[in-house]
Amino acid sequence: VSVTTAVLEGPILDALLGYIRERQIDLAIIGHRRSALSRALARRLARHAPCAVWMVPEVAPRPLTGIVVPMDFSEAAVRALDTALDLCRDHHLPDCLVLNVISRPDHLHPDEDADVRGREKDELSRVVDGRNTSGVKVRLVLEEAEDVASGVAAVVARTGASLVCMGARGRSRAAA
Numbered sequence: 002v003s004v005t006t007a008v009l010e011g012p013i014l015d016a017l018l019g020y021i022r023e024r025q026i027d028l029a030i031i032g033h034r035r036s037a038l039s040r041a042l043a044r045r046l047a048r049h050a051p052c053a054v055w056m057v058p059e060v061a062p063r064p065l066t067g068i069v070v071p072m073d074f075s076e077a078a079v080r081a082l083d084t085a086l087d088l089c090r091d092h093h094l095p096d097c098l099v100l101n102v103i104s105r106p107d108h109l110h111p112d113e114d115a116d117v118r119g120r121e122k123d124e125l126s127r128v129v130d131g132r133n134t135s136g137v138k139v140r141l142v143l144e145e146a147e148d149v150a151s152g153v154a155a156v157v158a159r160t161g162a163s164l165v166c167m168g169a170r171g172r173s174r175a176a177a
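Per this note's numbering, residue 2 is the first one in the sequence shown, and the count goes up by one each step.
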């Protein structure tokens with residue numbers, strides 16, 4: 002493992018992005034305070050960096066108790082699932098929760114709603130079938146919520162998971 006320290010000058014976001022690109026860094030680990038300025042920088046970096054960005058909170062992290070992987074079937078989400086499965090194995094977690102949030106329009110007939118849920122479950126199963134799940138039980142969860150953030154927050158609160166492993170493409174409100 003190689004650890005490098007550098008002093009960067011100029012606007013911090015531009016300096017960090019330039020440093021990451023120039024050195025072809027695979028992972029940026031950023032300290033994350035509760036201040037609005039720090040959160041904004043970390044979020045902007047996560048959206049624009051050409052590598053994975055892990056945001057480490059100001060308080061000491063607690064041991065992993067569970068991992069939730071929101072799944073929208075994108076390439077980024079599938080990579081996040083692979084990362085979560087590796088973390089589960091590394092931390093001896095018996096299961097990984099793969100979550101798909103469904104917003105159910107009021108105009109859907111109950112039979113149509115069952116069809117949507119069936120298609121989503123089938124698609125989740127197809128994604129999981131192509132992954133290395135050895136040693137980890139993958140639980141598929143469909144959560145009905147008004148939006149993705151509310152659905153993820155509800156499942157995390159209900160399960161007590163300590164990590165959300167989410168792929169971000171930087172193109173949507175969910176990524177932000």
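We treat Cβ as the ideally placed atom computed from N, Cα and C, and that holds for glycine.
Since the model is a prediction, treat every value here as computed from it, not as a measurement.
request  = Measure the C-alpha to C-alpha separation of P64 and V157 and round it to an integer number of angstroms.
outcome  = Within the sequence shown, numbered from 1, the residue matching residue 64 stands at position 63. Within the sequence shown, numbered from 1, the residue matching residue 157 stands at position 156. Cα to Cα, P64 sits roughly 15 Å from V157.
ask   = Could you give the uninterrupted runs of the alpha helix (DSSP H) lying entirely in the stretch 78-152, keeping only those of 4 residues or more?
value = 111-130
request  = Please go through the same chain and pick out, in chain order, the residues whose beta-carbon is closer than 7 Å to the beta-carbon of S151, but skip the five residues on each side of it.
outcome  = Against the sequence shown, residue 151 aligns to sequence position 150. Closer than 7 Å at Cβ, skipping near neighbours: no residue.
inquiry  = Considering Cα atoms alone, identify which of L125, S163, E10 and P71 is closest to A169.
reply    = Taking the sequence shown and counting its residues from 1, the one referred to as residue 169 is at position 168. Among L125, S163, E10 and P71, the Cα nearest to that of A169 is on P71.
ask   = Contact check, L46 vs L9 under 8 Å by CB: the rounded distance?
value = Your numbering for residue 46 matches position 45 in the sequence shown. Your numbering for residue 9 matches position 8 in the sequence shown. The Cβ separation is near 13 Å, so there is no contact.
task = Classify G32 as helix, strand or coil using the three-state DSSP reduction.
result = Position 31 of the sequence shown holds residue 32. Strand.
request  = Note down the Cα distance separating D130 from V2, rounded to an integer number of angstroms.
outcome  = Residue 130 sits at position 129 when you count from the first residue of the sequence shown. Residue 2 sits at position 1 when you count from the first residue of the sequence shown. Using only the alpha carbons, I get a separation of about 33 Å.
task = Determine the DSSP secondary structure at I68, reduced to helix, strand or coil.
result = Along the sequence shown, read from residue 1 onward, the residue named residue 68 stands at position 67. If DSSP states are grouped into helix, strand and coil, I68 belongs with the strands.
ask   = From this set, F74, P58 and D27, which residue's C-alpha is nearest P51's C-alpha?
value = Here residue 51 corresponds to residue number 50 of the sequence shown, with the count starting at 1. Considering only alpha carbons, the answer is D27.
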